[in-house]
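Chemist:
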């Protein structure tokens, strides 16, 4: 056992490194999740992949290893897919409105699963806003009823996956796990993944992985990395049905004529108050987030019509 032979392939620097096959990536990441490798090997893996960059085949292999090992959230068993929103970036300058997106989708009758963990110390995370809204932070993996939202900490799925995310606090750099959790379906039934990228190059690699995994998904450039549309300007969005890309929604261009009345701070309590005002109808839903909800509902409807698993 051990992953030294794989590190030798991926660790030859940006120019000399070679991509692993999907099967090799599955074996390597499986050993990491099973705890069969040393901390030194894990560190070498994280830095080598950070320098080389992950291929779609490697990401698919890593996901194969994850799906063979993680505990899953049971789904309600209704004729509507569960909407899954990964939340790992948090807010640095803008309020984190991922909970607003989740609540607006749940209001349309969907079960909504938000999963994540705090990966840095200087940001406000979705879990902070959930707490301010008195929304449930799950202690176990349970069914989320239709029309409801729940937040699931990553550690509930697999403790060593959580440990890989926590490594960022030690080395100061993201690793493959931070991309994987944004592509992961933690549910045991039909789901629609709403996910995002931070830099344009990830749009290509994430799209390729969604295609390879035959995922049902909505992919967009997120707000500070969160999978919610920027309330100021609608981003481009790309839908996938069983991995097949659908016509894309173009990003909003041109000069903004007005700015939405969103909080000027990332404070969880003020963000929660704003979200409640939107849900009551006292404050309008930002147009880009309205458009995102419409896209989610459209994809979910298409999945139902085509009986997509």
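Residue numbers (the working numbering): 4 to 312.
Even glycine gets a Cβ: it sits at the ideal position worked out from N, Cα and C.
Going by the beta-carbon positions, is the gap between residue 65 and residue 20 smaller than 8 Å?
Modeler: Working through the chain shown from its first residue, we reach residue 65 at position 62. Working through the chain shown from its first residue, we reach residue 20 at position 17. The answer is no: Cβ separation not under 8 Å.
Chemist: Measure from the alpha carbon of residue 25 to the alpha carbon of each residue in 282, 271 and 68, then state which is nearest.
Modeler: Within the chain shown, numbered from 1, the residue matching residue 25 stands at position 22. Minimum Cα distance to residue 25 is reached at 68.
Chemist: Would you say residue 128 and residue 99 are within 8 Å of each other, going by their C-beta atoms?
Modeler: Residue 128 sits at position 125 when you count from the first residue of the chain shown. Residue 99 sits at position 96 when you count from the first residue of the chain shown. Cβ atoms of residue 128 and residue 99: closer than 8 Å.
Chemist: Whole angstroms is fine: what's the gap from residue 15's alpha carbon to residue 179's?
Modeler: Numbered from 1 along the chain shown, position 12 holds the residue referred to as residue 15. Numbered from 1 along the chain shown, position 176 holds the residue referred to as residue 179. Whole-angstrom Cα-Cα distance: 17 Å.
Chemist: In whole angstroms, what separates the C-alpha of residue 57 from that of residue 22?
Modeler: As a position in the chain shown, residue 57 is number 54, starting the count at 1. As a position in the chain shown, residue 22 is number 19, starting the count at 1. If you take the alpha carbons of residue 57 and residue 22, they lie about 8 Å apart.
Chemist: Look up residue 301 in the DSSP assignment and say whether it is helix, strand or coil.
Modeler: Counting from one through the chain shown, the residue named residue 301 turns up at place 298. In this structure, residue 301 counts as helix in the three-state DSSP scheme.
Chemist: Are the CB atoms of residue 121 and residue 115 nearer to each other than 8 Å?
Modeler: Taking the first residue of the chain shown as 1, we reach residue 121 at position 118. Taking the first residue of the chain shown as 1, we reach residue 115 at position 112. No, the pair does not count as a contact, with Cβ atoms beyond the cut-off.
Chemist: If you check the beta carbons only, do residue 202 and residue 91 fall under 8 Å apart?
Modeler: As a working note, residue 202 is residue 199 in the chain shown. As a working note, residue 91 is residue 88 in the chain shown. No, they are not a contact pair.
Chemist: CB-CB under 8 Å to residue 298, same chain, minus the five flanking residues each way: which ones, in chain order?
Modeler: Mapped onto the chain shown, residue 298 falls at position 295. Only 221, 240, 242 and 252 meet the Cβ criterion.
Chemist: For a test of the three-state rule: what should DSSP assign to residue 163, helix, strand or coil?
Modeler: Position 160 of the chain shown, counting from 1, holds the residue named residue 163. DSSP, reduced to helix, strand and coil, places residue 163 within a helical segment of the structure shown.
Chemist: Do you know how far the Cα of residue 268 is from the Cα of residue 307?
Modeler: The residue you call residue 307 lines up with position 304 of the chain shown. The residue you call residue 268 lines up with position 265 of the chain shown. Using only the alpha carbons, I get a separation of about 39 Å.
Chemist: Measure the C-alpha to C-alpha separation of residue 150 and residue 75 and round it to an integer number of angstroms.
Modeler: As a working note, residue 150 is residue 147 in the chain shown. As a working note, residue 75 is residue 72 in the chain shown. Roughly 20 Å separates the two Cα atoms.
Chemist: Work out the CA separation of residue 230 and residue 33 for me, nearest whole Å.
Modeler: By one-based count along the chain shown, residue 33 stands at place 30. By one-based count along the chain shown, residue 230 stands at place 227. Cα-Cα distance, rounded: 27 Å.
Chemist: Verify whether the separation of the beta carbon atoms of residue 88 and residue 197 is less than 8 Å.
Modeler: Mapped onto the chain shown, residue 88 falls at position 85. Mapped onto the chain shown, residue 197 falls at position 194. The criterion of a C-beta distance shorter than 8 Å is satisfied by residue 88 and residue 197.
Chemist: To test your reading of the DSSP string, which unbroken alpha helix (DSSP H) runs of 4 or more residues are found completely within the segment 158-228?
Modeler: 162-174, 179-183 and 203-215
Chemist: Determine the closest residue to residue 247 out of 223, 228, 219 and 233, with distance taken between C-alpha atoms.
Modeler: The residue you call residue 247 lines up with position 244 of the chain shown. Of the listed residues, the one whose Cα sits closest to residue 247 is 219.
Chemist: For residue 185, count neighbouring Cβ atoms within 10 angstroms of its own Cβ and tell me buried if that reaches 16, exposed if not.
Modeler: As a position in the chain shown, residue 185 is number 182, starting the count at 1. Classification for residue 185: buried.
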